[in-house]
Structure formats: structure tokens, C-alpha cells
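Going by the working numbering, the sequence shown opens with residue 547, and the numbers climb by one from there.
See structure below.
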Amino acid sequence: SHIFQLIASLYKIEDEIRVGYKNTFDVSYETYRAAIRMEKSQEVVGKLEELVASEYIDTSKQSPNGQALAYAQNELPKIKIYLTHGETELDNNWSENMIRTFALGRKNWLFSDTERGADASANIYTIVQNAKINGLNVPQYLEEIFIRLPYCQTVADYEALLPWNIKW
547 SHIFQLIASL YKIEDEIRVG YKNTFDVSYE TYRAAIRMEK SQEVVGKLEE LVASEYIDTS
607 KQSPNGQALA YAQNELPKIK IYLTHGETEL DNNWSENMIR TFALGRKNWL FSDTERGADA
667 SANIYTIVQN AKINGLNVPQ YLEEIFIRLP YCQTVADYEA LLPWNIKW
């Protein structure tokens, strides 16, 4: 479909932005990304809006395709804000990937028999996710904090074990 091709071209532009920024540091990444989006992506989004509108006219409103087109038509004006906001991603894949482990573990949480057990699970999940966000090797990080934790005596000792403070 032409709609998918246009969406794919928006992702291609995002890839080009990442590569192109490596060659220029005159402005922040966010400023650079917003400028390139206005230069290249704005036209594609305009074509996408036109195509969605024209296909919506010719599609049964009750069909799954018609419902998808109606959704796209309603959301595109809101989504366009990403063009002028370089700090905004094109999609929310990063967020989705970060919460996936929680969604998959939801059934397992039903077996936390006590509030204390649920708190312990939440603490471990928080530690693991923060380690991932900070680019740490999670098993190595957990091993490190389990070795050092019993020797902590001050707040500074505990803070030194936080993922963003850990020194190998």
C-alpha cells in the first residue's frame, strides 16, 4: 500500500537524520532533527494525510480498513507535532520495549502472596530496568551489588551502587 510506503519513508528520513548528525555538531541533535523533519518529513506527512483522506472516502466505514483510516485521519493532526519537536521520537517503540517485561510478567505477579513479596519484586524489576537504561550488563551489575550491598553502612555507600553511579 502507498500508505505503508510513506510511513517507511518517514523512518528512512529518521535513519538519515541519525547518520547526518554525526557529520555536524553546529547545533543540538534536537534542533538538527526538527530542521530536517521540516525540510523532508513535512512533505511526506502531507502526502500521507491526503492519501488517508482520499482512501477513507472510498472505503466502507465499518470495515477494518475503514476504521483504521478513520483512526489515522483523527490522529495524524496530533502526530504531526513531532515534526517541530526534535526531542520527540517518531514512535513510542522505546517505551513499549521498556515496559514489555512488565507486561509479560503480569501473570507471575499474581503469585506474590504478600505485599512484602510484591514490593520485593517491584524493587528487583526497578533495579533491572534502571541497569538496562544506564547501559549496564545486568547480570554483572546484579552480581556486583549483591557482593557490595552487605558492606554498605552509609547513604553514600548505597548511592554508589545506583546504576548511574556504579564504577567498575
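Note that beta-carbon positions come from the ideal geometry of N, C-alpha and C, so glycine has one too.
Given GLN593, which residues of its chain have a CB within under 7 Å of its CB, disregarding the five upstream and five downstream residues? The sequence as given places Lys at residue 593; Gln does not occur at that position. Answer for LYS593: LEU552, listed in chain order.
Own chain residues within Cβ distance below 8 Å of TYR557, not counting five before or after: Cβ neighbours of TYR557 within its own chain (closer than 8 Å, five residues either side excluded): LEU636.
For GLY632, which of helix, strand or coil comes out of DSSP? In this structure, GLY632 counts as coil in the three-state DSSP scheme.
Measure the CB-CB distance between VAL674 and LEU695 and report whether it falls below 9 Å. Cβ atoms of VAL674 and LEU695: not closer than 9 Å.
Look at the alpha carbon of GLU589 and the alpha carbon of SER609, and state the distance between them as a whole number of angstroms. Each residue's alpha carbon lies about 29 Å from the other.
For the candidate residues ASP561, LEU615, GLU595, whose alpha-carbon lies nearest to that of ARG579? Out of ASP561, LEU615, GLU595, ASP561 has the C-alpha closest to the C-alpha of ARG579.
Relative to the C-alpha of ARG583, which candidate in ILE559, THR700, ASN711, ASN676 has its C-alpha closest? Comparing Cα-Cα distances from ARG583 to each of ILE559, THR700, ASN711, ASN676, the minimum goes to ILE559.
Buried or exposed: SER587, going by 16 or more other Cβ atoms within 10 Å of its Cβ? SER587 is buried by the Cβ-count criterion.
Using CA atoms only, rank isn't needed, just tell me which of ARG564, LEU708, ALA618, TYR617 is closest to ASN680. Distance from the Cα of ASN680 is smallest, within the candidate group ARG564, LEU708, ALA618, TYR617, for LEU708.
How far does the alpha helix (DSSP H) with ARG564 in it extend, from its first residue to its last? Segment 548 to 567, the alpha helix (DSSP H) holding ARG564.
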